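There are 2 protein chains.
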Amino acid sequence: MRVTIAVDAMGGDHGLSVTVPAVSNFLAATPEAQVVMVGLAAPLETALASVDKTLRPRITVRAASEIVEMNEPPTDALRRKKDSSMRVAINLIKSGEAQACVSAGNTGALMAIGKFVLKTLPGIDRPAIATQLPNARGVSTVLDLGANVNCSSEQLLQFAIMGSALATVIEGHKNPTVGLLNIGEEETKGNELVREAAELLKCSGLNFYGNVEGDDIYMGTTDVVVCDGFVGNVALKTSEGLVQMLYQFLKDEYTRNWRARLAALFSYRVLKSFKSRLDPRRFNGATLVGLRGVVIKSHGSADELAFEYALRKAYQEVAHGMLERIAQHIEAVSAQLPTVAPLDA
Amino acid sequence: MRVTIAVDAMGGDHGLSVTVPAVSNFLAATPEAQVVMVGLAAPLETALASVDKTLRPRITVRAASEIVEMNEPPTDALRRKKDSSMRVAINLIKSGEAQACVSAGNTGALMAIGKFVLKTLPGIDRPAIATQLPNARGVSTVLDLGANVNCSSEQLLQFAIMGSALATVIEGHKNPTVGLLNIGEEETKGNELVREAAELLKCSGLNFYGNVEGDDIYMGTTDVVVCDGFVGNVALKTSEGLVQMLYQFLKDEYTRNWRARLAALFSYRVLKSFKSRLDPRRFNGATLVGLRGVVIKSHGSADELAFEYALRKAYQEVAHGMLERIAQHIEAVSAQLPTVAPLDA
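So the sequence lines, in the order shown, correspond to chains A and B.
Mapping the first sequence onto our numbering, position 331 (from 1) lands on 331, and the numbers just tick up by one.
Mapping the second sequence onto our numbering, position 288 (from 1) lands on 1288, and the numbers just tick up by one.
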């Protein structure tokens, strides 16, 4: 399937030095894809000179005169920078010139511009941030990771719908299982929000497993894990901190003395393989799901490989019809639950 | 300092086969301590026959005719089992015969009985569950871990007070830093609850660092990390699941083929030392903090060593005056903040 992806060429900590080679590698690996690179005209053209001649025809350039800074308040980016590379890239979805947008820029600005320009899908109150995390059996799709700090039970249901669509599109699960993140498996556990959400999920027609706990994310108990953005963000950041600490502890132990250093030499392949299974670059690309378009946020510090993974995710979501799948789920769920607004509402 | 600890000898998955040897080892290492073992008279006396004769005089036996089951509803345990080993052990604090109680039994029941029998400290609305987690620099004291799913900002302030007292008593920090778990460092981040709590903490006279994120727990950014019980429980369980997954991945890699198995042999000491740094037994013992007495919950599956750590924690909290320190903090904070009830309220 022909897919055109708009790329915010200037976004992230490294800008063009990462986005251009990543796009180049992505196009080489994905013959059906085309890219519109959006950025400051002169440096962008210069950077594109390095791209292989066979790939260059599949890259279009769209000029933008401004750049959203990484720490700029989202409202400023939205109101004052109407010609930013991020904004112009998202506009390309709106105009139909692209089906997806990938940016390594400011998350808050990307969400604000995405909501303003694209609006949310019918039946979705607010978009969420979703990503895949590795687990003992494959990956879990987890959302929301920080877009919504105060959620209603209906929103958690919408997250479940969107998460199910993502797990199907990205992981190929036909009828993905959905877990509701709670502090115990029993139905009486948790706060009112999750208890109400559990009631909705039970009647939703989705493949609802029930409550799951934090450890279930990494045990792979369910394909999708749903939670509010505060809890999801804490779970994600806590995980990042813990992995960093464990790596440091492993490094400490493997450099403690000459015996340990020798053991490290013998373990070189093993440790490399271990680290590669957890390589955050392979999981790069959070989906701003719920917008009328595929918008992928790459980590700001992404390197070539990481940014390429974000591009691949955008491609998959378009090629496998993520938006259509969400619409189908909304329709099916609203038929079950009168509280959910039908598609044409 | 002479410290008497009441031990629920029957609690946990292993009961007497763990509690008796753990008490024995604890007494051998802690000459100032005495223990009251509470349990079914006959099996308890039989189990105590194995204890070294020099230690036996420091163990008193108190009979109890019932046992709280691990999955029994807390209200049932509270109302119907007035002669359970757990209840009798907590009664010993109330009567002044012990200064602390340690149980590996049902957490909910321990909390319910603790609140009913001992009541909360002046100025504390509801007790919290606190524990220490390893970080890159030492340990973090984190609370609440699941006792309170709906918290007010005043309660988060109380958690900060109690966490500070614990960090002083257990880790020797004179003026521990307190972080408020949030989804960003900026003051504008998070929900209303944490923003209000931040305002209270700023004026509290505690050593408030500001907002921290999930990764700060393991970076050791602050000595104490405060959050509501839902978020804290998810962070803790997520961490447990992630560590299990990483161990499994390491094991997978080190058993993949004969080269990897050889590397594992060479790495035996290194991996052993790595695992011991994270050994959950060394961190066993959650404090049910905020009660008028030191109550420590050991993990249900604790072995001898783990249960001994829980006993040590109880000893430290009594010996270093945890309850008095909380009272001092409450007094100091209520002098700063009129919203906090003074000690004699």
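Even for Gly, the Cβ is constructed at its ideal location relative to N, Cα and C.
These numbers come from a predicted model, not from an experiment.
Note on the region 1099-1133 of chain B: whole beta strand (DSSP E) runs with a minimum of 3 residues are 1100-1103, in chain order. Interface annotation for the region 211-244 of chain A against chain B: Glu213, Gly214, Asp215, Asp216, Ile217, Tyr218, Met219, Cys227, Gly229, Phe230, Val231, Asn233, Val234, Ala235, Leu236, Lys237, Thr238, Ser239, Glu240, Gly241, Leu242, Val243, Gln244, criterion Cβ-Cβ distance under 8 Å. The three-state reading of DSSP puts A/Asn233 in helix, counting H, G and I together. Look at B/Glu1154 here: in three-state DSSP terms it is helix. Non-local C-beta neighbours of A/Leu278 in its own chain, meaning closer than 7 Å and more than five positions away in sequence, comprise Pro134, Val243, ordered along the chain. The DSSP-derived three-state label of B/Ser1084 is strand. Against chain A, the CB of B/Glu1253 has a partner CB under 8 Å away; the residue lies at that interface. About 19 Å separates the beta carbons of B/Met1162 and B/Ala1112, which is beyond the 8 Å limit, so they are not a contact pair. By the Cβ neighbour-count rule, A/Cys203 is exposed, with fewer than 16 other Cβ atoms within 10 Å of its own.
Taking a Cβ-Cβ cut-off of 8 Å, the neighbours of B/Gln1248 in chain A comprise Ala136, given in sequence order. Taking CB atoms only, B/Gly1163 has no neighbour in chain A less than 8 Å away.
Non-local C-beta neighbours of A/Lys313 in its own chain, meaning closer than 6 Å and more than five positions away in sequence, comprise Gly285, Ile296, ordered along the chain. For B/Ser1298, there is no enclosing alpha helix (DSSP H), as DSSP gives it neither H nor E. A/Glu317 counts as buried, since no fewer than 16 other beta carbons sit within 10 angstroms of its beta carbon. In this structure, A/Ala198 is the residue among A/Ala100, A/Ala198, A/Lys189, A/Ala167 with its C-alpha nearest to the C-alpha of A/Gln155. Under the three-state reduction of DSSP, B/Val1051 is assigned to coil, being neither helix nor strand. Shown here is that no member of the region 1112-1128 of chain B has a Cβ falling below 8 Å from a Cβ of chain A. A/Val149 has a beta carbon lying within less than 8 Å of a beta carbon in chain B. Straight through space, the alpha carbons of A/Ala42 and A/Val3 are spaced by roughly 26 Å.
Residues of the region 1276-1305 of chain B with a C-beta less than 9 Å from any C-beta of chain A: Arg1277, Leu1278, listed in chain order. Within a 10 Å sphere around the beta-carbon of B/Asp1083 sit fewer than 16 other beta-carbons, which makes this residue exposed. Residue state for B/Asp1008 is assigned as strand, using DSSP reduced to three classes.
Segment contact: the region 1212-1227 of chain B against the region 1181-1195 of chain B, three or more CB-CB distances shorter than 8 Å; contact assigned.
When the Cα atoms are used, B/Gly1220 and B/Arg1282 turn out to be separated by approximately 18 Å.
Among the residues facing chain B, A/Gly190 is included, as its CB has a counterpart in that chain under 8 Å away. Where A/Ser140 is concerned, there is no enclosing alpha helix (DSSP H), although the beta strand (DSSP E) around it starts and stops at 139-143. Taking 8 Å as the cut-off, the beta carbon of A/Val149 is found closer than this to the beta carbon of B/Gly1190.
The three-state reading of DSSP puts B/Arg1292 in coil, since its state is none of H, G, I, E or B.
DSSP links B/Phe1208 through a beta bridge to B/Val1178. Residue burial is scored here from C-beta neighbours: B/Thr1030 has at least 16 other C-beta atoms within 10 angstroms and is therefore classed as buried. In the three-state reduction of the DSSP assignment, A/Met1 falls in the coil class, being assigned neither a helical nor a strand state.
Annotation for A/Arg277: the continuous alpha helix (DSSP H) segment containing it runs 268-278.
Between the alpha carbons of A/Ser273 and A/Leu250 lies a distance of about 14 Å. In the structure shown, A/Ile183 adopts coil according to DSSP, grouped into three states. Bounds of the alpha helix (DSSP H) holding B/Ile1326 are 1322-1336.
Here B/Met1001 is exposed. Its C-beta has fewer than 16 other C-beta atoms within 10 Å.
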